[in-house]
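In terms of the UniProt record's numbering, the sequence shown opens at residue 1 and continues consecutively.
For every residue, glycine included, the Cβ atom is placed at its ideal position computed from N, Cα and C.
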Amino acid sequence: MIEILTAAELAQARETGALVADILQTLKRRSAPGVNLLDIDSWARTMIIEDGAMSCYVDYEPSFGRGAFGHYICTSVNDAVLHGLPRDYLLADGDLLTLDLAVSKGGVAADSAISFIVGDSRPPESVALIAATERALDAGIAAARPGAQIGDISAAIGSILSEAGYPVNTLFGGHGIGSTMHQDPHIPNTGRPGRGYRLRPGLLLALEPWVMADTAELVTDADGWTLRSATGCRTAHSEHTIAITEDGAEIITLPRQAHG
């Protein structure tokens, strides 16, 4: 299913997106050495509920998972890159942490992810990984405009990741979003321009370049959810939800102060 949102729905999407971004930035500030991943999940739950919103993850039960996710945010550390199930783990200085959050409010969902280094350490490999996904995300957003096609976004993202020297996995990528978290079209993180669904104003997309330092192969944890690099290398993931407008793409998962 591909949804085209009305003006009223896009207004709600902006509100939901700002909430997602605000929660992620608050959690980033709180994610210090010694903080437990379960505390991060609890803080996310409190902020979502206090704002009258709903988690898209608690009851999320896709075919590739093991039962319902049962938590409010994905917390992926170091070699974990996607669907990191919150667990009893204390963050350490230098950990590379990815927080991925999807929330629904007023019937419209928004989805975003940030990767950052915990504490004061700045391992060069981790800095480079994060920077590559952020550049790729910027390139994908720049390619998203009315009349462009999904392949144009995928090619823009993939060219940045490949030029940085990272293998690209196409099993998981970006996606349409609207009344539900995951919708068509699928947006691979590499592809050929001029292919796929043609973008229209009112379309909401979640773009999410992610990479692993030296492999494109994923392995699944015993928890049935957390996806890690097959080699144990570090990973990074950056994501924004964007709305296609008459003029291009509008990032809706920006903190409220950024909108000001």
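What number of angstroms, rounded off, separates the C-alpha of residue i from the C-alpha of residue j?
i, j, result
"alanine 206", "proline 86", "22 Å"
"alanine 131", "histidine 240", "15 Å"
"arginine 234", "lysine 28", "19 Å"
"isoleucine 177", "alanine 243", "10 Å"
"serine 115", "serine 63", "26 Å"
"threonine 215", "glycine 232", "9 Å"
"methionine 1", "glutamine 183", "6 Å"
"alanine 230", "alanine 8", "44 Å"
"aspartate 111", "leucine 24", "11 Å"
"tyrosine 57", "threonine 16", "15 Å"
"leucine 99", "glycine 84", "9 Å"
Can you tell which of the options has the C-alpha that lies nearest to the C-alpha of residue i?
i, options, result
"isoleucine 40", "Leu204, Val103, Ser63, Leu90", "Leu90"
"aspartate 223", "Cys74, Gly248, Val127, Leu204", "Cys74"
"alanine 128", "Val168, Ala213, Arg256, Phe69", "Ala213"
"leucine 97", "Val58, Tyr57, Ile251, Arg30", "Arg30"
"alanine 139", "Ser154, Glu3, Gly94", "Ser154"
"aspartate 93", "Met47, Glu250, Gly34, Ile4", "Gly34"
"arginine 14", "Glu217, Leu161, Ser104", "Ser104"
"threonine 6", "Leu254, Thr245, Ala249, Ile251", "Thr245"
Please classify residue i as buried or exposed, where buried requires at least 16 other C-beta atoms within 10 Å of its C-beta.
i, result
"proline 123", "exposed"
"leucine 101", "buried"
"isoleucine 49", "exposed"
"glutamate 208", "buried"
"leucine 37", "buried"
"arginine 256", "exposed"
"leucine 199", "buried"
"alanine 18", "buried"
Among residues of its own chain, excluding the 5 on either side of residue i, which ones have a beta-carbon nearer than 8 Å to its beta-carbon?
i, result
"alanine 32", "Leu91, Val118, Gly119"
I'd like the list of long-range same chain contacts for residue i, defined as Cβ closer than 7 Å, with 5 residues on each side in sequence excluded.
i, result
"threonine 170", "Pro188, Asn189, Thr190"
Less than 6 Å between C-beta atoms, sequence neighbours within five positions excluded: which residues of the same chain meet that for residue i?
i, result
"glycine 106", "Gln12"
"aspartate 247", "none"
"histidine 259", "Interpretation of histidine 259 is limited by its pLDDT of 44, a score under 50 that renders its predicted location unreliable; no figure is taken from the coordinates."
Every unbroken alpha helix (DSSP H) within the stretch 36-87, with a cutoff of 4 residues, ordered by chain
Within the stretch 36-87, the complete alpha helix (DSSP H) runs of at least 4 residues are 37-50.
Taking the runs of the beta strand (DSSP E) that are 3 residues or longer, which of them lie wholly in the stretch 151-226?
174-176, 183-187, 204-207, 210-212, 218-220
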